[in-house]
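Data block below; observations after.
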Amino acid sequence: MADQNHELRKAGLKVTLPRVKILQILENAPDQHHLSAEDVYKALLDAGEDVGLATVYRVLTQFETAGLVIRHNFDGGHAVFELSQEEHHDHMVCLDSGEIIEFFDEAIERRQQEIVEEHGYELVDHALVLYVRPKGSKVTRQETIKK
């Protein structure tokens, strides 16, 4: 818990029990680094913690403002959060399962930089999200309508 206290103070946030518990959940999320506010809330309930959903939303927003987490709004409409990381990575989102896969590809990063420079700009930041589906799976009627 001392680590979480230090992280919160370093981010300029007062150490409160809900903040510490939510940070612990984000840090200990198995395989699933991208959690919605509802995922965090369910994990708190499962752990026997008495923290309301509104508090979870408020704390996650505070964490985002302080730079502790990054909010992603992938296709599907609901926000998911991941802890801020030093290393850049991009995302693939499976349209069938909702799984989020992180990846890094030096060739993609290099090409993006080249494109920016070719147009006379300097790259400040970027986010690449690939929406994918397992090979051989069928396109849904809803996706056909969107086209």
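Residues in the sequence shown are numbered consecutively from 1, following UniProt numbering. Backbone N, C-alpha and C fix where the C-beta goes; we use that ideal spot for every residue, glycine too.
Around H34, the same chain offers V80, E82, I100 as residues with beta carbons nearer than 6 Å, after the five sequence neighbours per side are excluded.
With respect to the 8 Å criterion, D90 and F74 are not classified as neighbours on the basis of their beta carbons. Looking from the CA of I108, the closest CA among L53, C94, H126 belongs to H126. When secondary structure is reduced to three states using DSSP, Y131 falls in the strand class.
Taking a contact to require three or more Cβ pairs closer than 8 Å, the segment 50-66 and the segment 11-28 qualify as touching. For D50, no beta strand (DSSP E) run applies, since DSSP gives it neither H nor E.
Distance from the CA of S137 to the CA of M92, rounded to the nearest whole angstrom, comes to 16 Å. Remark: C-beta atoms of V56 and F63 do not approach each other more closely than 8 Å.
In the structure shown, V93 adopts extended strand secondary structure according to DSSP, grouped into three states. Bridge partners of I70 according to DSSP: E82. Beta-bridge partners of I100 (DSSP): V93. Each residue's CA atom was taken as its position, placing V139 and Y131 some 13 Å apart.
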